[in-house]
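Structure record follows, encoded as structure tokens.
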Amino acid sequence: RTGIKERRQIPDDQTLLDLSIPAARQAIANAGLTPADIDLIIYATFTPDYQVPATACLLQDKLGCTKAGAFDLQAACTGFVYASSVAVQFIASSVYNHVLVIGGDVTTRIIDFTDRNSCVLFGDGVGAAVYSPASGDQGVFDNLLGSIGSGGEHIMIEAGGSARRPTEEMIRNREHYLKINGKEVFKFSTKIVGDIIEEVLKRNNLTLDDIALIIPHQANIRILESAAKRFDCPIEKFYVNIERYGNTVAASIPLALHDALVEGRIKENDIIMLVGFGGGLTYGAMPIRWGSYTTPTA
-5 RTGIKERRQI
5 PDDQTLLDLS
15 IPAARQAIAN
25 AGLTPADIDL
35 IIYATFTPDY
45 QVPATACLLQ
55 DKLGCTKAGA
65 FDLQAACTGF
75 VYASSVAVQF
85 IASSVYNHVL
95 VIGGDVTTRI
105 IDFTDRNSCV
115 LFGDGVGAAV
125 YSPASGDQGV
135 FDNLLGSIGS
145 GGEHIMIEAG
155 GSARRPTEEM
165 IRNREHYLKI
175 NGKEVFKFST
185 KIVGDIIEEV
195 LKRNNLTLDD
205 IALIIPHQAN
215 IRILESAAKR
225 FDCPIEKFYV
235 NIERYGNTVA
245 ASIPLALHDA
255 LVEGRIKEND
265 IIMLVGFGGG
275 LTYGAMPIRW
285 GSYTTPTA
């Protein structure tokens, strides 16, 4: 029912940082840059290696991005869209030229494997991209971000933050694991995906026919099928790779973007749309007129 056939799980002797280094290096190389060219690193994750320091700072050191500022951003499954939006604003305001954005999570480290309703959904992964000034009308031309904080409890880790410091009792009660209200999250997701696509199309005077490919967060195939039905379009309008990775949270959109490029699904001057939704509750969409690009290796 979810569309998931396989997932990836990080080995016990590796960390989120370990997964991030090769992904970031590949993104920088694909952009034709060196680590020294990167001005800022934004890491979208809700499973950082440590509360302090930020994973972005650890990555800055490992990559040798000597002049880069670095910080983490937490918007769960919408994290890559949020981080990309921040990157675009820095570039549009001429503060920075090259911003490395990473979306990565090792969710198998914080899920309860006795909860079969949720643990089977998640896989681990990292994806990365570099944002730089575009030429002509190519590049990001809008972004929409939103939140519904009243639904925050539907995707939540109850214990371990400063509001509820971890105790032995909390751990015995498994309160330090991710909890999901699947029914409410599904209801939110099936509605918001269509709503934000419609809003982006409307305010940019576009139709769905103008969009070559939608790159959505990969949470559940039924959510994407519901969106396709709402727009009366084939499911192929939405890029789907959830069967290979499961729900990789902040990594799902950059991983899908990478795979779509490798498969030749995106051409120069195509309009694509990144669509995220998830914990917070948060949501976001970003349309991009694709520029010239060196296709990444598989």
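Note that our numbering has the sequence shown beginning at -5, numbered continuously upward. We put the CB at the ideal spot given by N, CA and C, even for glycine. These figures come from a predicted structure and were not determined experimentally.
The three-state reading of DSSP puts Y239 in helix, counting H, G and I together.
Under the three-state reduction of DSSP, Y44 is assigned to coil, being neither helix nor strand. If only uninterrupted beta strand (DSSP E) runs of at least 3 residues are considered, those enclosed by the stretch 75 to 135 are 93 to 99, 119 to 125. Assigned with DSSP and collapsed to three states, L207 falls in strand. Under the criterion of beta carbons closer than 8 Å, P29 and I36 do not qualify as touching, at roughly 15 Å. DSSP places R158 in the coil class of the three-state scheme, outside both helix and strand.
Annotated three-state conformation of P16 is helix, per DSSP. For S183, the closest alpha carbon among the candidates V95, R216, M164, A48 is that of R216. Nearest to F74 by C-alpha distance, out of E219, F84, H92, G98, is G98. Beta-bridge analysis with DSSP links T276 to S141, G272.
Contact fails between the stretch 40 to 59 and the stretch 130 to 137, because fewer than three Cβ pairs, one in each stretch, are under 8 Å apart. Using a Cβ distance threshold of 8 Å, I32 and A81 do not count as a contacting pair. Closest in alpha carbon position to S286, among I265, G270, S14, F271, is I265. Approximately 16 Å separates the beta-carbon atoms of L67 and L11; this is outside 8 Å, ruling out the contact.
Closest in C-alpha terms to A153, from the list G143, I165, S144, I142, comes I165. Annotation: A279 to D204 spans about 16 Å, alpha carbon to alpha carbon. For I35, the uninterrupted beta strand (DSSP E) run begins and ends at 34 to 38, by DSSP. Going by DSSP, L67 is part of the beta strand (DSSP E) stretching over 63 to 67. With three or more CB-CB distances shorter than 8 Å, the stretch 89 to 98 counts as touching the stretch 107 to 123. Assignment of R283 by DSSP, reduced to helix, strand and coil, places it in the strand class. About 16 Å separates the beta carbons of I236 and L268, which is beyond the 8 Å limit, so they are not a contact pair. Between the alpha carbons of R103 and N199 lies a distance of about 43 Å. Distance from the Cα of L172 is smallest, within the candidate group G140, E163, G146, for G146. Given a length threshold of 3 residues, the stretch 219 to 267 has no whole run of the beta strand (DSSP E) inside it. With 16 or more neighbouring CB atoms inside 10 Å of its own CB, S112 falls in the buried class. Spanning the alpha carbons of V187 and R224 requires a straight line of approximately 10 Å.
Here the stretch 76 to 92 does not lie against the stretch 43 to 52, with fewer than 3 beta-carbon pairs under 8 Å apart. For K181, no beta strand (DSSP E) encloses it; the enclosing alpha helix (DSSP H) starts and ends at 176 to 197.
Taking a C-beta distance under 8 Å as the contact criterion, G240 and F107 do not qualify as a contact pair. For I(-2), no beta strand (DSSP E) run applies, since DSSP gives it neither H nor E. Judged by DSSP in its simplified three-state form, L200 adopts coil rather than helix or strand. If you compare the alpha carbons of G140, A157, I209, R259 with that of G274, the shortest gap goes to G140.
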